[in-house]
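Beneath this line is the structure, given in structure tokens, with notes to follow.
Dropping the structure here:
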């Protein structure tokens, strides 16, 4: 199975900071990565799909990049409402779908 | 706006069975593949199962293969997850999620664009 390793597991940043979260896949998955934001007591919310495509309605300060085995989620200017846990997910379906998530990154606002 | 609502969770004794439901509305349910995902404090998010729009194809995570069964009733806009031989480690919030896909070049990309609010399953004697 493909493993997804996220780093860091937690971070604290200030409003206006640029924040980057990294996800590394155990094998090449081209651009089959999605990113989710989850706030306490809520379901995950899709931010980015296919590594870099912004989901409709998601603020433009969120962006994704990467291919192969290394992927990043960047928040260009951190806002108070961005306090949440962020997850990457691989959606590579060769030979069969076996979607797996990273372990999550908890982002706190200083 | 597409909506998913899970139900069927609760407190269950180890070894018993449970069937979770996911009611879909505001979209053409029969056109979409669907997934089940669970979340535990210790293991984060765990994908469990995928069922195609016509129920012809099903995939399971290795960790639940043989104990979990995904099904759907398109006439009722409802997705199901049957869980047998429940274990304490099955204690989790269970979510259903809609599978979106798009062909880019020769490759299909998939993502989960709509999630339910989740239903809590607690396995305890």
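Residue numbers (my numbering), protein chains in the order written: chain A, 224 to 333; chain B, 19 to 143. We put the CB at the ideal spot given by N, CA and C, even for glycine.
Determine the extent of the beta strand (DSSP E) in which residue i is found, giving its start and end residues.
i: residue 55/B; result: 51 to 58
i: residue 268/A; result: 268 to 272
i: residue 244/A; result: 242 to 248
i: residue 227/A; result: 227 to 230
i: residue 124/B; result: Counting along the chain, residue 124/B falls outside any beta strand (DSSP E), and DSSP gives it neither H nor E.
i: residue 61/B; result: Note, residue 61/B: premise wrong, no beta strand (DSSP E); not H, not E.
What is the DSSP secondary structure of residue i, reduced to helix, strand or coil?
i: residue 48/B; result: helix
i: residue 95/B; result: coil
i: residue 80/B; result: coil
i: residue 73/B; result: coil
Return the Cβ separation of residue i and residue j in integer angstroms, given the expectation that the two are a contact with Cβ distance under 8 Å.
i: residue 144/B; j: residue 314/A; result: There is no way to answer for residue 144/B, as the model of chain B reaches only from 19 to 143.
i: residue 20/B; j: residue 97/B; result: Residue 20/B to residue 97/B, Cβ: 13 Å. No contact.
i: residue 109/B; j: residue 58/B; result: 7 Å
i: residue 286/A; j: residue 299/A; result: 7 Å
Leaving out five residues on either side along the sequence, give the residues of the same chain with a beta carbon under 7 Å from the beta carbon of residue i.
i: residue 51/B; result: 68, 69, 70, 71, 117
i: residue 36/B; result: 26, 30, 101, 104, 139
i: residue 333/A; result: 235, 236, 237
Is residue i a contact residue of the ligand ADP, with contact defined as CB to any heavy atom under 8 Å?
i: residue 106/B; result: Judged by which ligands are present, the structure shown has none, so any question about the ligand ADP falls away.
Just to confirm my understanding: we take residue i, look at its own chain, exclude 5 residues before and 5 after, and list those with CB closer than 6 Å. What are they?
i: residue 267/A; result: 259, 261
i: residue 240/A; result: 301
i: residue 209/A; result: Outside the displayed span of chain A (224 to 333) sits residue 209/A, for which this structure offers no information.
Stretch-stretch touch, CB-based, cutoff 8 Å, three pairs: the region 316 to 330 of chain A with the region 58 to 77 of chain B: yes
Inter-stretch contact (C-beta, 8 Å, three-pair minimum) for the region 240 to 249 of chain A and the region 110 to 117 of chain B: no
Touching by the beta-carbon criterion (3+ pairs, under 8 Å), the region 250 to 257 of chain A and the region 268 to 279 of chain A: yes
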